[in-house]
Amino acid sequence: MAEKEVPSSPGSSYSEPEPWIAGDPVSAMADGLTPFERRDREAAEKIAKIEADDALDEGAKIDAVAEIQGWFRGDTKIIDAFLAGEVDEATTVERLAAPIDEAYSTANHGTAYYREEQVARSQRKYHSKEKAYEMWGPEQDFPPPTDEASSLPTTEGQLWELWYSVLHASKRLPWRTPPSLASPAQTKLLSLILALRARPDPPSPSPLTVPLQRNWIWQSGRLWSALLMLGPSARESWNDGCGCGAGWSAVEQRAWANVNAFVARLTAARAADFRAYGVWALGDAFESAVDGRGSHRSTTRAVQLRLYVTVAAAWVLLAGERMYADRARPEPADVVGVSVPADAKGKALPWLHKGEEYMYCTARWDFWRRRFEREAGNEAELGEEVRELCARAAETIKGLISSSSS
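Numbering-wise (this note's numbering), the sequence shown opens with residue 30 and increments by one.
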């Protein structure tokens, strides 16, 4: 039986980059740059000016960079007002959720009845009468939607917008207040998400026709109790990480660390399950088979290392207990008691590209611990603050392993 692959992160460095990304001469233009490299250079020049603009605060800089890079983001006006203390939590939840509830319970203002029935009619003809009825229900007549109804935002569209706005807002919120891990702003945003999650799910459309019910957005109806569409929205947003949809400017690095920390907080609070994203972060920091990942971007290994270990440490410090507690038991026999050299990478790591039971195995945690310990002493490439984070992460993992074995 083929082994199940563990998900890898966006732009994962577990495989060699495409040759044109590194500047393949066939793809390069007269100046020796590929179109992508030229675009990156132009974007970096614009972002450097934004970083140097003292008239902009951090949030405004991140917004400006997001515009240049084309990041996934939604309208954050309602969330911004809440974070600024201008609107209370209950009012904010109502403003965000009520339009989505209305669209859901009315089947996108009635438009989905007609459209889903048209889908059903296109499918019924491929089956016997009995099978068509079983799969798609009876044929029904619904009037075509009016232009006015069609112009209204859909349930799915509004959910994408909501979660993009939440994730973008988190990029503008510092993930910690050194030396503390506290982040009052991120804690407040997390409270808002928990309040949304506690909101009653809206009633299903009535009638809930068979074609309508077969559309995934109508199946469970758990818009809030499952934070429907948060997962797909985050997965798209992760394409905007440094070295993928972002460069390596200081403001982009801070935004990436902030959103990772916020998603780690969501995970620790069990509001959502993004544990795999923590594994991606630790993999980027310590398990990459290719040194200098993202080297086609204008940066150095030290810059990349600093960001990767910072994000990895944030995951361990904020959500490590949740990640460790949910590891598979019993663990796969072929990694029990294994001690992998701290400098091992890629295929030398026995847990990579295997089933989920390997994802959080103790041997892997111990490997991460030793890598954090090594980086905690890396004065040549890492500053004191980052080395301190590494030391704290190593101690956290040491405590997790020790508590589970006692």
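C-beta atoms are modelled at their ideal positions from N, C-alpha and C, and glycine is treated no differently.
Less than 7 Å between C-beta atoms, sequence neighbours within five positions excluded: which residues of the same chain meet that for residue i?
i: residue 320; result: Residue placement at residue 320 is flagged as unreliable, the pLDDT there being 49, under the threshold of 50; the coordinate-derived value follows with that caveat. Within the same chain, residue 320 has close Cβ partners 330.
i: residue 294; result: 215, 219, 347
i: residue 423; result: 398, 401, 402, 405
i: residue 252; result: 129, 133, 230, 231
i: residue 78; result: none
i: residue 326; result: The pLDDT assigned to residue 326 is 48, lower than 50, so where the model puts this residue is not dependable, and the model offers no usable value.
i: residue 95; result: 102, 197
i: residue 156; result: 164
i: residue 425; result: 345, 346, 349
i: residue 226; result: 253, 254, 256, 300
i: residue 361; result: 386, 387, 390
i: residue 407; result: 416
i: residue 136; result: 142, 234, 241
With DSSP as the reference, identify every bridge partner of residue i, one or two as the case may be.
i: residue 209; result: 206
For my contact list, residue i and residue j are in at a C-beta cut-off of 8 Å; report their separation, rounded to the angstrom.
i: residue 214; j: residue 259; result: Not confirmed; about 19 Å, so no contact.
i: residue 133; j: residue 231; result: 5 Å
i: residue 138; j: residue 181; result: 5 Å
i: residue 91; j: residue 284; result: 5 Å
i: residue 166; j: residue 239; result: 3 Å
i: residue 144; j: residue 168; result: Contact flag wrong, Cβ pair sits at about 15 Å.
Indicate the three-state DSSP secondary structure (helix, strand or coil) for residue i in the structure shown.
i: residue 271; result: strand
i: residue 245; result: helix
i: residue 352; result: helix
i: residue 439; result: Past the edges of the chain, shown from 30 to 435, lies residue 439, and the structure says nothing about it.
i: residue 235; result: coil
i: residue 289; result: helix
i: residue 133; result: helix
i: residue 408; result: coil
i: residue 167; result: coil
i: residue 175; result: coil
i: residue 120; result: helix
i: residue 365; result: coil
i: residue 88; result: helix
i: residue 63; result: coil
i: residue 389; result: coil
i: residue 52; result: Only weak support is given to the placement of residue 52: the predicted model assigns it a pLDDT of 44, under 50, and the value that follows is read from those uncertain coordinates. Residue 52: coil per DSSP, three-state reduction.
i: residue 302; result: coil
i: residue 322; result: Confidence at residue 322 is low in this model, with a pLDDT of 47, below 50, so its placement is unreliable and no value can be given for it.
i: residue 276; result: coil
i: residue 373; result: coil
i: residue 228; result: coil
i: residue 383; result: coil
i: residue 197; result: helix
CB-CB under 6 Å to residue i, same chain, minus the five flanking residues each way: which ones, in chain order?
i: residue 250; result: 230, 233
i: residue 120; result: none
i: residue 205; result: 212
i: residue 93; result: 79
i: residue 303; result: 292, 296
i: residue 247; result: 241
i: residue 171; result: 142, 143, 146
i: residue 410; result: 331, 334
Residues in its own chain within less than 8 Å of residue i by CB, not counting five upstream and five downstream?
i: residue 112; result: 198, 202, 214, 217, 218
i: residue 429; result: 349, 350, 353, 394
i: residue 298; result: 219, 223
i: residue 228; result: 122, 126, 253
i: residue 173; result: 143
Cβ pair count under 8 Å reaching 3, the region 339 to 355 against the region 371 to 378: no
Cβ pair count under 8 Å reaching 3, the region 350 to 370 against the region 414 to 421: no
The region 93 to 110 in contact with the region 267 to 275 per 3-pair CB rule at 8 Å: yes
Three-pair Cβ contact test at 8 Å for the region 384 to 392 versus the region 364 to 372: yes
Stretch pair the region 273 to 287 + the region 70 to 77: three plus CB contacts closer than 8 Å: yes
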